[in-house]
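Colleague:
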Amino acid sequence: MSTMFRTRMADVPLVEGLKRDDGWIDMQVQFLIDKKSAGADHVVGWTVLKPGASHEAHLHRNCDEFFIVLEGEGHIITETGLEPSRKGDVVYSPRGCWHGFNNTSDRDVVLVWGWMGAGSIADSGYETPEGASHRGGGEQ
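Mapping of the sequence shown onto full-length UniProt numbering: position 42 corresponds to residue 42, and the numbering continues sequentially without gaps.
Set out below in structure tokens:
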């Protein structure tokens, strides 16, 4: 028998141990739903990027990712360069597609995002441009 999972954002801790060397630059990240909390085979996350914060170019070998820009503006990192992004943008990156986000504004950027097909960083196949696979830091 399946059981519904429910939480409150205020009760979900920030992911600890996200490393700058793995592209997590001054980000506040919460895993709202994941394998650890809900036994899920996906992750739903919430991220706040303060001015100057960035999630540098990376890909996931084992999952697709989407994100929705709820507040703020910046630049999406794509395989061909940078593209402007702002509130209301919905972005989908299939597995193996390089992507990221830079907050180039003077206001916070708020994203809701998800990994489809992986319930944790380790399961996602997180990789940086240097070619090394990383666990991606963090405890999740």
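Don't be surprised by glycine CBs; every beta carbon is placed ideally from N, CA and C.
Just verifying my parser: in three-state terms, what is the DSSP assignment at Asp64?
Modeller: In this structure, Asp64 counts as strand in the three-state DSSP scheme.
Colleague: Quick check: Gly96 and Ala57, are their CB atoms within less than 7 Å of each other?
Modeller: In this structure, Ala57 does not lie closer than 7 Å to Gly96 by Cβ.
Colleague: I'd like to know whether the C-beta atoms of Asn103 and Leu49 end up nearer to each other than 7 Å.
Modeller: In this structure, Leu49 lies closer than 7 Å to Asn103 by Cβ.
Colleague: Looking only at C-alpha atoms, which of Ser93, Asp41, His60 and Gly88 sits nearest to Gly117?
Modeller: Closest by alpha carbon: Asp41.
Colleague: Is it a yes or a no for the stretch 30–40 touching the stretch 72–81, going by three-plus beta-carbon pairs under 8 Å?
Modeller: Touching, no, given that fewer than three Cβ pairs across the two stretches are closer than 8 Å.
Colleague: Have a look at the DSSP bridge pairing and note the partners of Ser93.
Modeller: Bridge partners of Ser93: Glu65.
Colleague: Can you tell which of Gly72, Ala38, Ile25 and Leu111 has its C-alpha closest to the C-alpha of Ser120?
Modeller: Per the Cα distances, Ala38.
Colleague: For Glu65, which residues from the same chain have a beta carbon less than 6 Å from its beta carbon, with the 5 sequence-adjacent residues on both sides left out?
Modeller: Cβ neighbours of Glu65 beyond the five flanking positions: Ser93 and Trp115.
Colleague: Could you tell me whether the Cβ atoms of Val112 and Trp46 are closer together than 7 Å?
Modeller: The answer is yes: Cβ separation under 7 Å.
Colleague: Quick check on Ile116: does DSSP put it in helix, strand or coil?
Modeller: The sequence given here has Met at residue 116, not Ile. In this structure, Met116 counts as strand in the three-state DSSP scheme.
Colleague: Met27: buried (16+ other C-beta within 10 angstroms of its C-beta) or exposed?
Modeller: Classification for Met27: buried.
Colleague: Just the C-alpha distance for Met9 and Gln30, rounded to the nearest angstrom, thanks.
Modeller: Cα-Cα distance, rounded: 8 Å.
Colleague: Based on the DSSP secondary-structure assignment, which residues constitute the bridge partners of Arg86?
Modeller: Bridge partners of Arg86: Glu73.
Colleague: Which term fits Gly81, buried or exposed, when burial requires 16 or more other beta carbons within 10 angstroms of its beta carbon?
Modeller: Under this definition Gly81 is an exposed residue.
Colleague: Using only the alpha-carbon positions, how far apart do Gly17 and Ser54 sit?
Modeller: Each residue's Cα considered, the two are about 16 Å apart.
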